[in-house]
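A.B. asks:
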Amino acid sequence: MDKKAVFVWSLYDFANSFVFISFLVYFSKWLVINQGLSDWWYNATFIIGSIGLIFLAPWFGNRADKLKKGKKYLIYSTSGCFIFYALAIGSAIGGLNVFLSALFFGLGNFFYQFSFVFYNPLLNTISHAGNRGKISGIGFLSSYTGQICGILVALPFVLGKVSLGIDPLVAALIPQVIIFILLSIPLFLNKEIFTSTSTKEPGADMLDSLRILIALPGVLLFLVSFFFFNDAITTLVNNFSIFTSSIFGVSDGQISTLTLLVIVCAGIGAMGWGWLADKIGSKKTLLYIILSWVIIIPIMAWVGNYQIFFIFSILAGLSIGGTLSTSRLVLIELVPERVLNSSFGIYAISERAATIIGPLAWSMVLSIGGYRWAMFSMVVFMVVSVLFMVKVFRNKKPPLQLASVEP
67 MDKKAVFVWS LYDFANSFVF ISFLVYFSKW LVINQGLSDW WYNATFIIGS
117 IGLIFLAPWF GNRADKLKKG KKYLIYSTSG CFIFYALAIG SAIGGLNVFL
167 SALFFGLGNF FYQFSFVFYN PLLNTISHAG NRGKISGIGF LSSYTGQICG
217 ILVALPFVLG KVSLGIDPLV AALIPQVIIF ILLSIPLFLN KEIFTSTSTK
267 EPGADMLDSL RILIALPGVL LFLVSFFFFN DAITTLVNNF SIFTSSIFGV
317 SDGQISTLTL LVIVCAGIGA MGWGWLADKI GSKKTLLYII LSWVIIIPIM
367 AWVGNYQIFF IFSILAGLSI GGTLSTSRLV LIELVPERVL NSSFGIYAIS
417 ERAATIIGPL AWSMVLSIGG YRWAMFSMVV FMVVSVLFMV KVFRNKKPPL
467 QLASVEP
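Our numbering puts the first residue of the sequence shown at 67, with every later residue one more than the last.
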C-alpha cells in the first residue's frame, strides 16, 4: 500500500466533505428559515443537479475510461464545485434573489457529486482485494473527519463569536470554500495515482458499457437496491437539520452538536463496517446495514422525546458510514477493472435518480401528512432495497469474462 497515495486520495475526500457539510447544514437553513424558501424549492435544488448528472455522468465516465481523462474531469468538476459555491456566497452577501442563491447552491452540489464519478475509481488504483475494505473505510473516515472539521470551523461564525458584518450562516462558509480548494490540490499533483485502469479502445459507446454492466451477474440487482437505499439516506441527510429544527425546536448549537456526533459515528461506522466487509464479504455486510435502517427510520420518525431521537440519530450515523463505504466495495467486486469509470458513471445515475425521486416523495408526503410522515415514508424504500439486496447476496453465478459480453 502506497501510504502517500492513500493520504492524498483521502485528503481530497476530507476537503470535499469539509465544504459540502457546511453548505448542507448552514446554507440550507439560511435558504429555508432565514430567507423563506419553501421545502419544495429547497429539495428542487437537488433535483435540478440530479437531472443534469443523470445525463452527463455516464457519458463522461465512459470517456474517462476510453480516453484516460479521469484526472482532467476531476479537476473540472472540483473547480465547478468551488466556483458555484463561491457564487452562492456572493449572491447571498449581495442580497440577490434567493432563487438565484438556491440555483448556485444546487450547481455547487451538482459538481460535488459529479466529482465522485472520477474519484471513486481511484480506490482500485491505490488498493488490492485484501485491503480494499480497509482503505475504503479510511476514505470515508477522512470524509467524516472533514465534515467534523467543517462544522468546527464554521461554529465560531454561526454562534457570533467571529463576525464579518454579514449573516453568520453565510460568513461561516467563506473559509470553507478557500480551505476546500487548497486541500484538493495535492491529489492533482500526484501523477502515479491517476494510472488508467481501462484498456478499452475508444469506439464503444455508453450504451455498450451499460449493456456490459447489466449482463454481469448481480450488477442490475445491486443498482436497483442501491437506488432505493441511497434514495432514502440522501433524502434524510438533506432534510435532517430542517426536520430536527421543525419537530423539536432545538437551537443552532444543539443541531450542530448532534450533527457533529452523527458524523463522528459515521466515520466509526465506515471503518467498522469496512473491516467487517473484509471478514465476511461486502454483500453480506451491506445487507445487514440496510436491515438496520428498517428499524432506525420508524423510531426516528415517531419518537416524541428528543433524547431518544438523539440516540437513534447517533445509530443512524453508524449506518450511514457503513452503507456508503460498503456499497462501492460491492460494485468494485461485481464489475471488471477495465470498466470501473463507466461503472461508477452508471452508479452515479442510480444515485442521482434517487435524488430526484426521494425529494419528490418527501415533499409530497410532507405536504399531506407533515414531517413525521415524510420521514417514515423513507422506510418503504429501505424495505424494497432489502428485497433486491437479498437476491444479490444469493446470486452464486460465477463472474462473466468481459470478452463474453463485449460487442
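Quick reminder that beta carbons are idealized off the backbone N, C-alpha and C, glycines included.
Could you check how far apart the C-beta atoms of Ser-143 and Ser-181 are, in whole angstroms? I think they sit under 8 Å.
C.D. replies: At roughly 4 Å, the Cβ-Cβ gap stays under 8 Å, so Ser-143 and Ser-181 are in contact.
A.B. asks: Could you give the distance in angstroms between the alpha-carbon of Lys-350 and the alpha-carbon of Ser-202?
C.D. replies: Going by the C-alpha atoms only, they are around 17 Å apart.
A.B. asks: Could you pull out every residue in the same chain whose Cβ sits closer than 8 Å to the Cβ of Ile-155, ignoring the five residues on either side in sequence?
C.D. replies: Taken in chain order, the residues that qualify are Val-236, Leu-239, Ile-240 and Val-243.
A.B. asks: Among Asp-79, Val-72 and Ser-443, which residue has its Cα nearest to the Cα of Ile-214?
C.D. replies: Considering only alpha carbons, the answer is Asp-79.
A.B. asks: For Ser-307 and Asp-318, I'd like the C-alpha separation in whole angstroms.
C.D. replies: Cα to Cα, the separation comes out at about 9 Å.
A.B. asks: Pick from Phe-246, Leu-189 and Leu-188: whose alpha carbon is nearest that of Gly-174?
C.D. replies: Answer by Cα proximity: Phe-246.
A.B. asks: For Ser-229, does the three-state DSSP call read helix, strand or coil?
C.D. replies: Reduced to three states, the DSSP call for Ser-229 is coil.
A.B. asks: If we ignore side chains and look at the alpha-carbon of each, how far apart do Ile-363 and Ser-433 end up?
C.D. replies: Approximately 19 Å, taken between the alpha carbons.
A.B. asks: Which residue wins for smallest C-alpha separation from Trp-428, given the options Leu-397, Phe-309, Thr-323 and Leu-357?
C.D. replies: Of the candidates Leu-397, Phe-309, Thr-323 and Leu-357, the one whose C-alpha sits nearest the C-alpha of Trp-428 is Phe-309.
A.B. asks: Using DSSP with H/G/I as helix, E/B as strand and the rest coil, what is Gln-101?
C.D. replies: Coil, per DSSP.
A.B. asks: In three-state DSSP terms, what is Ser-311?
C.D. replies: Helix at Ser-311.
A.B. asks: Under the rule that 16 or more other beta-carbon atoms within 10 Å means buried, what is Ser-76, buried or exposed?
C.D. replies: Counting Cβ neighbours within 10 Å, Ser-76 comes out buried, since at least 16 surround it.
A.B. asks: Please classify Ala-123: does DSSP put it in a helix, a strand, or coil?
C.D. replies: It is helical.
A.B. asks: Can you tell me whether DSSP reads Asp-94 as helix, strand or coil?
C.D. replies: At residue 94 the sequence reads Ser, which differs from the Asp that was named. Helix, per DSSP.
A.B. asks: Let me know the secondary structure DSSP gives Asp-68 once reduced to three states.
C.D. replies: In the structure shown, Asp-68 sits in coil (DSSP, three-state: anything other than H, G, I, E or B).
A.B. asks: Where does Gly-136 fall in DSSP's three states?
C.D. replies: The answer is helix: DSSP assigns Gly-136 an H, G or I state.
A.B. asks: Take the Cβ of Met-430 as the centre, count every other Cβ of all protein chains shown within 10 Å, and call the residue buried at 16 or more, exposed below.
C.D. replies: Exposed: under 16 other Cβ atoms inside 10 Å.
A.B. asks: For Pro-283, name the three-state secondary structure that DSSP assigns.
C.D. replies: Looking at Pro-283 - three-state DSSP - the assignment turns out to be coil, as it is neither helix nor strand.
A.B. asks: Hey, is the region 285–297 in contact with the region 91–109, meaning 3+ C-beta pairs nearer than 8 Å?
C.D. replies: No: fewer than three Cβ pairs fall under 8 Å.
A.B. asks: Between which two residues does the alpha helix (DSSP H) harbouring Pro-402 extend?
C.D. replies: It is not in any alpha helix (DSSP H) - Pro-402 carries neither H nor E in the DSSP assignment.
A.B. asks: Does the beta-carbon distance from Ala-343 to Leu-395 come in below 7 Å?
C.D. replies: Cβ distance < 7 Å, so Ala-343 and Leu-395 count as in contact.
A.B. asks: Which word fits Leu-221, buried or exposed, when buried means at least 16 other C-beta atoms lie within 10 angstroms of its C-beta?
C.D. replies: With 16 or more Cβ atoms within 10 Å of its Cβ, Leu-221 is classed as buried.
A.B. asks: Given this structure, state the Cα-to-Cα distance separating Ile-423 from Met-444, to the nearest angstrom.
C.D. replies: Ile-423 and Met-444: Cα-Cα distance of roughly 11 Å.
A.B. asks: Could you check how far apart the C-beta atoms of Gly-333 and Thr-191 are, in whole angstroms? I think they sit under 8 Å.
C.D. replies: With a Cβ gap of about 23 Å, Gly-333 and Thr-191 do not count as contacting.
A.B. asks: Among residues of its own chain, excluding the 5 on either side of Phe-176, which ones have a beta-carbon nearer than 7 Å to its beta-carbon?
C.D. replies: Once the five neighbours on either side are set aside, the close Cβ partners of Phe-176 are Gly-115, Gly-118 and Leu-119.
A.B. asks: Taking the straight line between their C-alpha atoms, what separation do you get for Ser-391 and Ala-440?
C.D. replies: Looking at the two C-alpha atoms, the distance is approximately 26 Å.
A.B. asks: Is the distance from the Cβ of Ile-313 to the Cβ of Tyr-437 below 7 Å?
C.D. replies: Taking 7 Å as the Cβ cut-off, Ile-313 and Tyr-437 qualify as a contacting pair.
A.B. asks: What separation, rounded to the nearest whole angstrom, lies between the Cα atoms of Val-369 and Leu-302?
C.D. replies: Roughly 16 Å separates the two Cα atoms.
A.B. asks: Please go through the same chain and pick out, in chain order, the residues whose beta-carbon is closer than 7 Å to the beta-carbon of Ile-321, but skip the five residues on each side of it.
C.D. replies: The residues are Ser-307, Thr-310 and Ser-311.
A.B. asks: Start and end of the alpha helix (DSSP H) containing Ala-367?
C.D. replies: It spans 348–368 - the alpha helix (DSSP H) in which Ala-367 sits, taken as one unbroken run.
A.B. asks: Am I right that Leu-189 and Leu-282 are in contact with their C-beta atoms under 8 Å? What's the rounded C-beta distance?
C.D. replies: Actually they are not in contact, since the Cβ atoms of Leu-189 and Leu-282 sit about 19 Å apart, beyond 8 Å.
A.B. asks: Could you compute how far the alpha carbon of Pro-268 sits from the alpha carbon of Gly-127?
C.D. replies: Because the pLDDT of Pro-268 is 34, which lies under 50, any placement of that residue in the model is unreliable, and the question is left without a value.
A.B. asks: What would DSSP say about Leu-162, mapped onto helix, strand or coil?
C.D. replies: Coil at Leu-162, not helix or strand.
A.B. asks: Output the distance between the C-alpha atoms of Leu-255 and Asp-297, rounded to the nearest integer angstrom.
C.D. replies: Between Leu-255 and Asp-297, the C-alpha separation is close to 34 Å.
A.B. asks: Give the single residue among Val-450, Ser-451 and Ile-398 whose Cα lies nearest to the Cα of Pro-187.
C.D. replies: Among Val-450, Ser-451 and Ile-398, the Cα nearest to that of Pro-187 belongs to Ile-398.
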